[in-house]
Amino acid sequence: MTAPGPGREDFGARLSVDRSVPGRRAVDVPTWRGAKTSLPDASLLRDSLALPEMSQGELVRYYTALSERNYGIDSGTYPLGSCTMKYNPKVNDLIASQPGFANAHPQAREEDAQGTLRTLLELRHGLAEVTGLAHVSLAPAAGAQGELAGVLMISSALEDRGELGQRRRILVPDSAHGTNPATAAMAGYTVTHLPTAENGSLDRATIEQELDETVAAVMVTVPNTLGLWEQGIEEVAGLIHDAGAYLYADGANLNAIMGRVRYGDLGFDVAHLNLHKSFSTPHGGGGPGAGPVCCTEELAPYLPTPVVEECDDGVVRLAAPERSIGRLQQFHGNVGVLLRAYAYLRALGLDGLCAVSGQAVLNANYLRTLLHGHYDLPYDRPVLHEVVFSGSRQRREHDVRTYDIAKRLIDHGFHPPTVYFPLIVPEALMIEPTETEPPEAIEALAQALNAIAEEAADDPDTLHGAPWSAPIGRLDETTAARRPVLRWQDVGVSEAVSRMSR
Amino acid sequence: MSSPHPYIPATEADRARMLERIGVDDLDALFSDLPASFRDPAIDLPPALTEPELMALLANRAGQNASPSRPNFLGAGAYRRSVPSIVPYLVSRSEFSTAYTPYQPEISQGTLQSGFEFQSVVCELTGMDVANLGLYDVASATAEACLMAARATKRQAVCLLEPIHPGTAGVVKTYARGAGLRVDTAVSADEITDEHACLVVQQPDFLGTIVDLEPLADAAHETGALLAAVADPFALGMLKAPGDAGADIVTGEGRDLAGAPAFGGPSLGLFAAGLPYLRQMPGRIVGRTRELHPPDDGEPRTGYVLTLQAREQFIRRERATSNVSTAQALIALGFTIAVQALGPRGLRESAELCYQRAHDAARRIGALPGFAVPERGPWFQEFLVRGPMSAPELSAALSERGIAAGLDVTDRPEPEARDALLFCVTEATPDAHVEALIDALAAIGDGA
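Quick look at the structure:
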């Protein structure tokens, strides 16, 4: 292999182990000066450990360089549809990292964790108000785990009604997030897909046709993944309840409707929220999140353990609901994330939440207007928090795929939108600007996307090879999956690493 | 005419201009699809706070928790660790912390290459072939391990070996119910049968004892079951890698090396397995690859992508290996940096320091009149303490002296746990706290 020229450093080829020099160290460990206890039998101990040896400064430089090869919401506009990449207020990080909160031990007596527990109690009340569903467990670690909780709660309720054996189906719209059908399957149900009607909402006739005594629940994302309101959902809720089934809300898109309309009022029985989306907690490159589950009185006895409750003596405690589906985590949930979400809720208040949803919707529609005509818009009507365009025209006329458009957008300094989702829109470009982008940023994004649409006609090859200005060029994902290299041990670096020996 | 909130930039003038461009009269027109009779419900939330007010409120709240400087001997799943200073520093770089799942690899190499480092570190510590990018926590990772074992063996039951953390056992039961799996608990590997997909063993076990995994792996394999080890990655700095002892799947909790416990989370579920199970694994996986279109005069450079995604929910939907989407990537980054900062010698020295300090404290407590430290075998950092009074009374007496005692485990079935508290001393427990504990116990013993 020839050495890369100037400006083309093969940074990815130099992992920590390739930077390792035997004998270097980044931290010292105190020496034990007390009486020595003999170690357990050697058969229980390891005899080698191959890890890199780097000095502190080198390690900091390596990870700093890595951070510079990353794009976060602080780097620029990040219009990833369905993911709600809004600005993450720094004060929330500061609050959660206060030693009193950060060092609270999960096995501490409740009396010793009242600051955390009271804050969680107030978050619980706040989420109940925002969703119109009075009962909340903050335990789920992420949206998908909140979904699993919700569906298992429905299973428990059906079991107590003696109908679990017969109700084995869950209906899921074809526009749903993949987690919905995956969750239903994990909870042991068969999934029936519901087609989306021409107006972008659920097809009521199909639901009526499918609803029978074998249906346990209908899982609906509101607003849906096309960024559209589910029209007539409050009437569909009635039909579902008449058929003896439950209505589940995937609250991933709560951002659009916060403060304006509530799941409980519309007839939903259970909902999960993604606090790392609507409530602005940092996504961390894919986690952690938090996915509280909120429900009606009827389902409250089944909520996951624990729920936070204020007792008669004024002490806030962790409780196990009477017929709980059980635990979802070893401890009490992603408390550090929940504290940030609480701070966000308190910083906004009701007026602030309404301002958030209002501006999120205004921004999405502004973007829709600015892009209109340049890309196909399969559902051409006002949207809520996001808008789904299609690159079908560019594909058909210029052999440019949405994939290429997304990669080219990187050269314009933006993170690309979500692509190829929802599955019902071919060559989908799912764009969610969020309320924290100023109009100038939305205009710049639209300008870039529209310039790319023109470029697709004039110079498609530039799009096919994009990105050109990223830290690395387009990567070979096919070979990555066909011949997986998943750890440094597979690359053959062992001679660079000294093996620790006893 | 200002913006409505510091987090929302658009001013009244901006909004008017945008509405005009869209061609609607007011914001309400954009919400016209929402059913009118349900619009704008009464919502009872406290009024908004400014930043100084918010910080004051929550500083006060943090102060209502027990002081972080109070002596604390709780472990039982969450352990005080000496986290290298560079960990919080690097993890708080917002290029890492404010990124999403790396769907666009060309501008996500930071997350992805760090993820590859993480997978490598986890494989090295556990002795396994492949690791994913992390699951929610050790308990949900162990539940996923059980589901994976059931898929791999096509069996409908799993066997948990006691003593196992009740939180872990609880989550396994929650997940097993959906999958229709039976969960048995056993006190001996003899109880495993050919109905079990896996034997789940905690290392060190819930009461702190170091487990010899090899005979357990043999027992599991004899019946065609897998061995799933739930191992503390810090203890693995010194203990034999479970993979070298015959484990097929290893899970663990990575939170404590990456930062403070924060009342239990966010956590980091480690998940590693043998190569045969790669395509059955849950969660995100990073793979190494190269550029597709290098310039004419250049070699393709190395990069990292999310890979083997055909297992995952957003592609496979109801046929996915799991519904999981979130990977705890930021905690995984902190874990990776901590392990690499310690390095091969530092991790071993830290684990041995932890072992020495815990044993020294236990020996001193066991020597106090009226106290006993019942042992069940070699142990790592947690030990049982039986005092001259009942476990709850001893715990309360320590609490009165400003010390958080070890967890009350007197309800456990193991005879050694009767009337006992499970204390934890680690490499990071301050010396002064240990002295305060011993003084307090001595005083309590004198008074009893």
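Protein sequences appear in the order of chains A and B. According to our numbering, the first sequence is numbered sequentially starting from 593. According to our numbering, the second sequence is numbered sequentially starting from 4. Even for Gly, the Cβ is constructed at its ideal location relative to N, Cα and C.
### Three-state class that DSSP yields for B:I252 in the structure shown
Along the second sequence, read from residue 1 onward, the residue named residue 252 of chain B stands at position 249. Three-state DSSP puts B:I252 in a strand.
### Query
Under the criterion of a Cβ to heavy atom distance below 7 Å, does B:A59 qualify as lining the ligand GDP?
Here there are no bound small molecules, and the ligand GDP is not part of this structure.
### Task
Please list the partners that B:Y171 has in chain A, where partner means a Cβ-to-Cβ separation under 8 Å.
Here the question's residue 171 of chain B lines up with position 168 in the second sequence. The amino acid at residue 171 of chain B is misidentified as Tyr; the sequence shows Thr. Going along chain A in sequence order, the residues near B:T171 (Cβ under 8 Å) are Q922.
### Message
Cutting at 7 Å between CB atoms, please list the residues of its own chain near B:P303, excluding the five before and the five after it.
### Response
By 1-based counting over the second sequence, the position of residue 303 of chain B is 300. Result list for B:P303: R293, E294, P297, in chain order.
### Query
Of all the CB atoms in chain A, is at least one closer than 8 Å to the CB of B:E419?
For this step, residue 419 of chain B is matched to residue 416 along the second sequence. Closer than 8 Å: no.
### Task
Drop a sphere of 10 angstroms on the beta-carbon of A:E721, count the other beta-carbons inside from all chains shown, and report buried for 16 or more, exposed for fewer.
By one-based count along the first sequence, residue 721 of chain A stands at place 129. Classification for A:E721: buried.
### Query
Looking only at its own chain, which residues have a Cβ that is under 8 Å from the Cβ of B:R180, when we skip the five neighbours before and after it?
Here residue 180 of chain B refers to the residue found at position 177 of the second sequence. None.
### Task
Give every residue of the same chain whose Cβ lies closer than 7 Å to the Cβ of A:V828, excluding the five residues on either side of it in the sequence, and list them in chain order.
By one-based count along the first sequence, residue 828 of chain A stands at place 236. Excluding positions up to five away in sequence, the list reads L794, R796, I799.
### Message
Measuring CB atoms only, is the segment 695 to 712 of chain A touching the segment 859 to 866 of chain A, in the sense that at least three cross pairs come out at less than 8 Å?
### Response
no
### Message
If you follow the alpha helix (DSSP H) that B:H362 is in, where does it begin and where does it stop?
### Response
Mapped onto the second sequence, residue 362 of chain B falls at position 359. Residues 332 to 369.
### Beta-carbon gap between A:S982 and A:V929 smaller than 8 Å
Stepping through the first sequence from its first residue, residue 982 of chain A is reached at position 390. Stepping through the first sequence from its first residue, residue 929 of chain A is reached at position 337. Not closer than 8 Å, so no.
#### Entry: Cutoff 8 Å: B:Q384 Cβ touching any chain A Cβ
Taking the second sequence and counting its residues from 1, the one referred to as residue 384 of chain B is at position 381. By this cut-off, B:Q384 is not an interface position.
### Query
Would you say B:D140 reaches chain A, if we count a Cβ-Cβ gap shorter than 8 Å as a contact?
What you label residue 140 of chain B is simply residue 137 of the second sequence in a count that begins at 1. Yes, B:D140 lies at the interface with chain A (some Cβ there is under 8 Å from its Cβ).
### Query
Does any C-beta atom of chain B lie closer than 8 Å to the C-beta of A:L867?
Taking the first residue of the first sequence as 1, we reach residue 867 of chain A at position 275. No, A:L867 lies away from the interface with chain B (no Cβ there is under 8 Å from its Cβ).
### Query
Can a CB atom of chain A be found closer than 8 Å to the CB of B:A102?
Along the second sequence, read from residue 1 onward, the residue named residue 102 of chain B stands at position 99. Closer than 8 Å: yes.
### Task
Express the C-alpha separation of A:P765 and A:R759 in angstroms, rounding to a whole number.
Reading the first sequence from its first residue, position 167 is the one you call residue 759 of chain A. Reading the first sequence from its first residue, position 173 is the one you call residue 765 of chain A. Answer to the nearest angstrom: the Cα atoms are 18 Å apart.
### Query
For a contact meaning CB atoms closer than 8 Å, what does B:H436 contact in chain A?
Counted from its first residue, the second sequence places residue 436 of chain B at position 433. By Cβ distance, chain A contributes nothing, its closest Cβ being about 13 Å from B:H436, past 8 Å.
### Simplified DSSP assignment, three categories, for A:R909
As a first step, residue 909 of chain A must be located in the first sequence, where it is residue number 317. Of the three classes helix, strand and coil, the one that applies to A:R909 here is strand, per DSSP.
### Query
Which runs of the beta strand (DSSP E) fall wholly inside the segment 990 to 1026 of chain A and span at least 3 residues, in chain order?
1020 to 1023
### Message
Please identify the residue among B:D247, B:G173, B:V27, B:D449 whose C-alpha is closest to the C-alpha of A:V975.
### Response
For the purposes of this step, residue 975 of chain A is identified with residue 383 of the first sequence, where counting begins at 1. Checking every option, the nearest Cα to that of A:V975 belongs to B:V27.
### Message
Counting only C-beta atoms, is B:I368 closer than 8 Å to chain A at any point?
### Response
Indexing the second sequence from 1 puts residue 368 of chain B at position 365. Cβ-Cβ to chain A under 8 Å: no for B:I368.
### Query
Comparing the C-beta of A:P1052 with each C-beta of chain B, is any distance below 8 Å?
Here residue 1052 of chain A is taken as the residue at index 460 of the first sequence, counted from 1. A:P1052 does not count as touching chain B.
### Message
Give the list of continuous alpha helix (DSSP H) stretches no shorter than 4 residues that lie fully inside the segment 80 to 149 of chain B.
### Response
89 to 94, 97 to 100, 112 to 129
### Query
Around the C-beta of A:A627, are 16 or more other C-beta atoms found within 10 angstroms, so that it is buried, or is it exposed?
Residue mapping note: residue 627 of chain A aligns to position 35 of the first sequence, counting from 1. A:A627 comes out exposed.
#### Entry: Complete runs of the alpha helix (DSSP H) confined to the segment 247 to 295 of chain B [at least 4 residues]
258 to 261
### Message
Per the DSSP calculation, A:P765 is bridged to which residue(s)?
### Response
Translated into positions along the first sequence, residue 765 of chain A becomes position 173. The partner list for A:P765 (beta bridge, DSSP) reads A:L786.
### Task
Kindly list, in the order they appear in chain A, the residues whose Cβ is closer than 8 Å to that of B:V174.
Indexing the second sequence from 1 puts residue 174 of chain B at position 171. In chain order: G918, R919, L920, Q921, Q922.
### Query
Comparing the C-beta of A:F693 with each C-beta of chain B, is any distance below 8 Å?
For the purposes of this step, residue 693 of chain A is taken as residue 101 along the first sequence, with counting starting at 1. Yes, because at least one Cβ of chain B sits closer than 8 Å to the Cβ of A:F693.
### Query
Counting contacts by CB-CB distance shorter than 8 Å, is A:H1007 in contact with chain B?
The residue you call residue 1007 of chain A lines up with position 415 of the first sequence. So yes, A:H1007 belongs to the interface.
### Message
Classify B:K452: buried if its beta carbon has 16 or more other beta carbons within 10 angstroms, exposed otherwise.
### Response
Residue 452 of chain B is absent from the structure shown; chain B starts at 4 and stops at 451.
### Message
As a quick exercise: from B:S70, B:Y178, B:F426, B:A365, pick the residue whose alpha carbon is nearest that of A:T629.
### Response
Position 37 of the first sequence, counting from 1, holds the residue named residue 629 of chain A. Nearest of B:S70, B:Y178, B:F426, B:A365 to A:T629, Cα basis: B:A365.
### Task
Examine chain B for any beta-carbon lying closer than 8 Å to the beta-carbon of A:A947, and answer yes or no.
In the first sequence, residue 947 of chain A corresponds to position 355, counting from 1. True, the Cβ-Cβ gap to chain B drops below 8 Å.
#### Entry: Any chain B beta carbon closer than 8 Å to A:H875
As a first step, residue 875 of chain A must be located in the first sequence, where it is residue number 283. Yes, contact with chain B.
### Message
On a Cα-Cα basis, can you pick out the residue from A:D861, A:P1030, A:V907 that is closest to A:L1108?
### Response
For residue 1108 of chain A there is no data in the structure shown, the boundaries of chain A being 593 and 1094.
### Task
Could you pull out every residue in the same chain whose Cβ sits closer than 7 Å to the Cβ of A:W1080, ignoring the five residues on either side in sequence?
Here residue 1080 of chain A refers to the residue found at position 488 of the first sequence. Here the set comprises L607, V609.
### Query
Are A:T723 and A:Y934 close, meaning C-beta to C-beta below 8 Å?
By 1-based counting over the first sequence, the position of residue 723 of chain A is 131. By 1-based counting over the first sequence, the position of residue 934 of chain A is 342. Result no, Cβ atoms of A:T723 and A:Y934 do not sit closer than 8 Å.
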